[in-house]
Amino acid sequence: MIFGRNPKITLLRAALWAVVLLLISKFVFVPVRVSGISMLPTYHDRQVNFVNRLSYLRHEPQRGDVVAIRLSPALSTRLEAPHAMLLKRIVAMPGETVSFVGGHVMINGQMLEEPYETLECFWNIPAETLGPDEYFVVGDNRTMAEQDHTKGRCKRSQILGKVIL
Amino acid sequence: MKIIFRLLLAAGFIALSAWLWTILFPSPDKAIRHRLDEIARTASFIADESPLLIAGKAQKMAGYMSTNIEVTLDVAGEVPHKLSGRDEIQQAAAGAHMATRSLVVQFLDPEVVVGADKQSATVNLTVKAQPDGQKDFIVQQMRFTFRKMNGEWLVTRIETVRALS
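Heads up: the sequence lines are chains A and B, in that order.
One rule links them: number in the working numbering = place in the first sequence (from 1) + 15.
One rule links them: number in the working numbering = place in the second sequence (from 1) + 256.
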């Protein structure tokens, strides 16, 4: 008895659930598949995850959060999640001065504790001060040459949400 | 009854006319999106495509570009590259055919901004390229600049856009 007493109502209920799930997957918990190695060892290539688009409704993004970033500020006005995004960790907050010294992230001249950072890094990047609306994001895998790694400032409007798992 | 039938017929005629109007005289936004679809289709190729078809596609691709087209590629970890003119585009297309057996190109999330003069437009989009049927793909944010010339929307400039500054 798959359809219950009234198959029409069951079908209607199933259709309603499908619509609700579709809306949730597009506008609330967006499913993503990691492509690439820039977030190793935290996230592996082809790993599936979800982005919570409501995570920053009540508070602003925090240092250490792994976030999904829109590839262009021009796409920020779109309600629908883009097809491709960057997955990066926030290491510096708006207004802070960030640099890399011997592979360590320095925030306003102080070394940042990064327990998630287990791979070797030897980057040296001069200090830069972020704007009032800018976050500095970087991947966890910093074993490659600094110029080969996509990292840098992103606008608040580019941050789509926080990665859940 | 006769009046209702006539009203319905008139409504149908108006709807058909409106639909035909959008087909025959598409808005700049629609025409540019259609042009982008054509470019993506032309840039894609399957394994063992006939040389005649390859040559035809290269010529077709050049036809979508203005004669003074400029392509600026600046990707993290790669040497910046610049192409100028249709001939160099055709050569690059031929080079792509030599380098890979097949290629699937998609333009994701195009954001079309038409100029006030309705004769120019810029499009921010994400290029997804999948060579040789691999699971791995290349994703790059790009900006296309279009100009209407002799009733045709032609690409005058293509440039890579860095997601993070």
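Where is the CB? At the ideal position from N, CA and C, for every residue including glycine.
For residue i, three-class secondary structure by DSSP
{"i": "B:Met354", "result": "helix"}
{"i": "A:Met121", "result": "strand"}
{"i": "B:Arg403", "result": "strand"}
{"i": "B:Met317", "result": "helix"}
{"i": "A:Pro46", "result": "strand"}
{"i": "A:Lys166", "result": "coil"}
{"i": "A:Pro88", "result": "helix"}
{"i": "B:Gln386", "result": "strand"}
{"i": "A:Ile52", "result": "coil"}
{"i": "A:Ser172", "result": "helix"}
{"i": "A:Glu149", "result": "strand"}
{"i": "B:Gln347", "result": "helix"}
{"i": "B:Asn380", "result": "strand"}
{"i": "A:Thr57", "result": "coil"}
{"i": "B:Ser421", "result": "coil"}
{"i": "B:Gln396", "result": "strand"}
{"i": "A:Lys177", "result": "strand"}
{"i": "A:Met126", "result": "strand"}
{"i": "B:Thr323", "result": "strand"}
Exposure label - residue i; buried when at least 16 CB within 10 Å
{"i": "A:Gln77", "result": "exposed"}
{"i": "B:Arg291", "result": "buried"}
{"i": "B:Phe402", "result": "buried"}
{"i": "B:Thr278", "result": "exposed"}
{"i": "B:Gly268", "result": "exposed"}
{"i": "A:Glu132", "result": "buried"}
{"i": "A:Ala160", "result": "exposed"}
{"i": "B:Arg431", "result": "Residue 431 of chain B cannot be examined here, being either before or after the span of chain B that is shown, 257 to 421."}
{"i": "A:Arg157", "result": "buried"}
{"i": "A:Arg68", "result": "buried"}
{"i": "A:Pro97", "result": "buried"}
{"i": "B:Trp409", "result": "buried"}
Per DSSP, cross-strand counterpart(s) of residue i
{"i": "A:Ile140", "result": "A:Phe115"}
{"i": "B:Ala311", "result": "B:Ala311 pairs with nothing; no bridge assigned."}
{"i": "B:Lys338", "result": "B:Thr328"}
{"i": "A:Glu161", "result": "BP columns for A:Glu161 are empty, so no partner."}
{"i": "A:Lys103", "result": "A:Val82"}
Whole-number beta carbon distance between residue j and residue i, since they are thought to touch under 8 Å
{"i": "B:Ile325", "j": "B:His353", "result": "Rounded, the Cβ-Cβ distance is 19 Å, inconsistent with contact."}
{"i": "B:Val383", "j": "B:Ala377", "result": "17 Å between Cβ atoms; not a contact."}
{"i": "A:Arg104", "j": "A:Asp155", "result": "6 Å"}
{"i": "A:Tyr71", "j": "A:Gly176", "result": "7 Å"}
{"i": "A:Arg85", "j": "A:Val63", "result": "With a Cβ gap of about 20 Å, A:Arg85 and A:Val63 do not count as contacting."}
{"i": "B:Ala296", "j": "B:Gln362", "result": "6 Å"}
Residue interval of the alpha helix (DSSP H) (run including residue i)
{"i": "B:Phe269", "result": "Lys258 to Leu280"}
{"i": "B:Asp365", "result": "Element bounds for B:Asp365: not the alpha helix (DSSP H) but the beta strand (DSSP E), Leu359 to Val370."}
{"i": "A:Leu38", "result": "Pro22 to Phe42"}
Boundaries of the beta strand (DSSP E) in which residue i is found, first to last residue
{"i": "B:Ala299", "result": "No beta strand (DSSP E) holds B:Ala299; the alpha helix (DSSP H) holding it covers Pro284 to Ala299."}
{"i": "A:Asn67", "result": "Val63 to Asn67"}
{"i": "A:Glu95", "result": "No beta strand (DSSP E) holds A:Glu95; DSSP gives it neither H nor E."}
{"i": "B:Arg413", "result": "Glu408 to Thr416"}
Distance cut-off 7 Å: residue i Cβ against heavy atoms of the ligand HEM
{"i": "B:Ile259", "result": "Although the ligand HEM was asked about, the structure shown includes no ligands whatsoever."}
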